[in-house]
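Participant: For reference, the structure I am asking about is given below.
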Amino acid sequence: RMRAADREEVLAASGNTPAAALIFSLRKSSHAWTAMIDGVPEVMFGVGDLNVLAGVGAPWLLGTDAVEKHYVHFLRSSVGFRDQLLRRYAVLKNFVDVRNRASIRWLRWLGFTLSDPVEFRGHEFRLFELRSADV
């Protein structure tokens, strides 16, 4: 049920199935959440600690097509979670597949800056980063 762009990104970044990538992300997370719509899990997201002393976290999100169907609620909610994470971390950063245009638009909308593409495992990714001082 994972949206196609997320499935493609997971495969490109790790070679894993969507289920394996989700389990990996959950295990590496210091905090994780599930967004339910009508009792059905539609989005899972969280943050892992990259550097506890420096306050650097790696946010992640994997969702279904419900993200697009309920985009207004998704956008409003994501600002609150961004702010919650920035109270805990000085820096949030991770990589996004260059083909995942919807995620790139959303990250920019949240205020993240994106690097030029870098190659990893034969695919291009962009580092996205947001500092609490910039919000």
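Counting in the numbering used here, the sequence shown runs from 1022 upward without gaps. Glycine included, every Cβ here is placed at the ideal spot set by N, Cα and C.
When the Cα of Glu1029 is compared with those of Asp1118, Phe1141, Arg1126, which residue comes out closest?
Facilitator: Asp1118
Participant: Under the DSSP definition of a beta bridge, which residues are partnered with Ala1083?
Facilitator: Residue 1083 is actually Leu in this sequence, not Ala. DSSP lists Met1065 as partners of Leu1083.
Participant: Leaving out five residues before and five after Leu1151 in sequence, what residues of the same chain have Cβ atoms less than 8 Å from its Cβ?
Facilitator: Arg1103, Leu1107, Val1112, Leu1113, Lys1114, Leu1131, Gly1132, Phe1133, Thr1134
Participant: Of the residues Phe1149, Ala1056, Glu1145, Ser1153, which one's Cα is nearest the Cα of His1091?
Facilitator: Ala1056
Participant: Excluding the 5 residues flanking Asn1121 on each side, which residues of the same chain have their C-beta closer than 6 Å to its C-beta?
Facilitator: Ala1026, Glu1030
Participant: Between Ala1033, Ala1123, Gly1036, Phe1116, which lies nearest to Val1068 when the distance is taken from Cα to Cα?
Facilitator: Phe1116
Participant: Could you give the distance in angstroms between the alpha-carbon of Asp1155 and the alpha-carbon of Ser1035?
Facilitator: 31 Å
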